[in-house]
């Protein structure tokens with residue numbers, strides 16, 4: 103699997119984990135956390151629409167329910183997976199011309215858009231984790247290394263050795 107496919111498999115996994123954390127947030131997650139997650143899935147949708155050359159169905163900063171977030175995240179994941187699986191190198195090296203939310207026109211290589219989409223979600227998922235933690239909740243980790251290992255990376259509360267680094271799971275293991 104190439105790096106973009108891995109990044110988008112991680113995005114799907116991480117979006118699902120954030121959604122699960124928000125659902126588990128004792129009835130009602132912090133409002134700002136839901137606003138940020140709505141923005142993540144909406145931005146994924148907007149960028150996918152731009153790549154596909156179709157009209158977007160949601161705004162960049164919508165007000166969504168958790169149910170709507172789950173549905174849009176699923177649609178996004180399927181759309182990006184299809185693009186990466188069926189598009190081939192030519193589809194990723196081409197450029198997409200679109201208007202941003204302020205109305206300015208840009209032309210950007212699709213592979214650069216895909217990198218942006220992945221990193222944009224990481225940024226906001228970190229903000230959501232901080233909001234949940236600040237509200238006394240324990241967010242589900244969404245680190246990439248946890249995704250590839252199949253287990254969360256250690257945190258200060260579950261195995262850090264006091265030096266701010268993780269404790270290897272076995273002698274010589276990478277952190």
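Residue numbers (the numbering used here): 103 to 277. Backbone N, C-alpha and C fix where the C-beta goes; we use that ideal spot for every residue, glycine too. Bear in mind that the values here come from a model prediction, so they are computed numbers and not experimental data.
The beta-bridge partner set that DSSP reports for residue 209 consists of 199.
In this model, residue 136 and residue 205 are separated by some 26 Å (Cα to Cα). Cβ contact annotation for residue 166 (same chain, cutoff 6 Å, sequence separation greater than five): 140, in chain order. Short of 8 Å from the beta carbon of residue 249, and not among the five residues preceding or following it, lie these beta carbons of its own chain, in chain order: 111, 112, 115, 116. The beta carbon of residue 138 sits closer than 6 Å to those of 226, 229, 230, all from its chain and outside the five residues before and after it, given in chain order. Annotation: the continuous alpha helix (DSSP H) that includes residue 180 extends over 168 to 188. Under the criterion of beta carbons closer than 8 Å, residue 168 and residue 125 qualify as touching, at roughly 6 Å. Taken through DSSP and simplified to helix, strand or coil, residue 165 comes out as coil.
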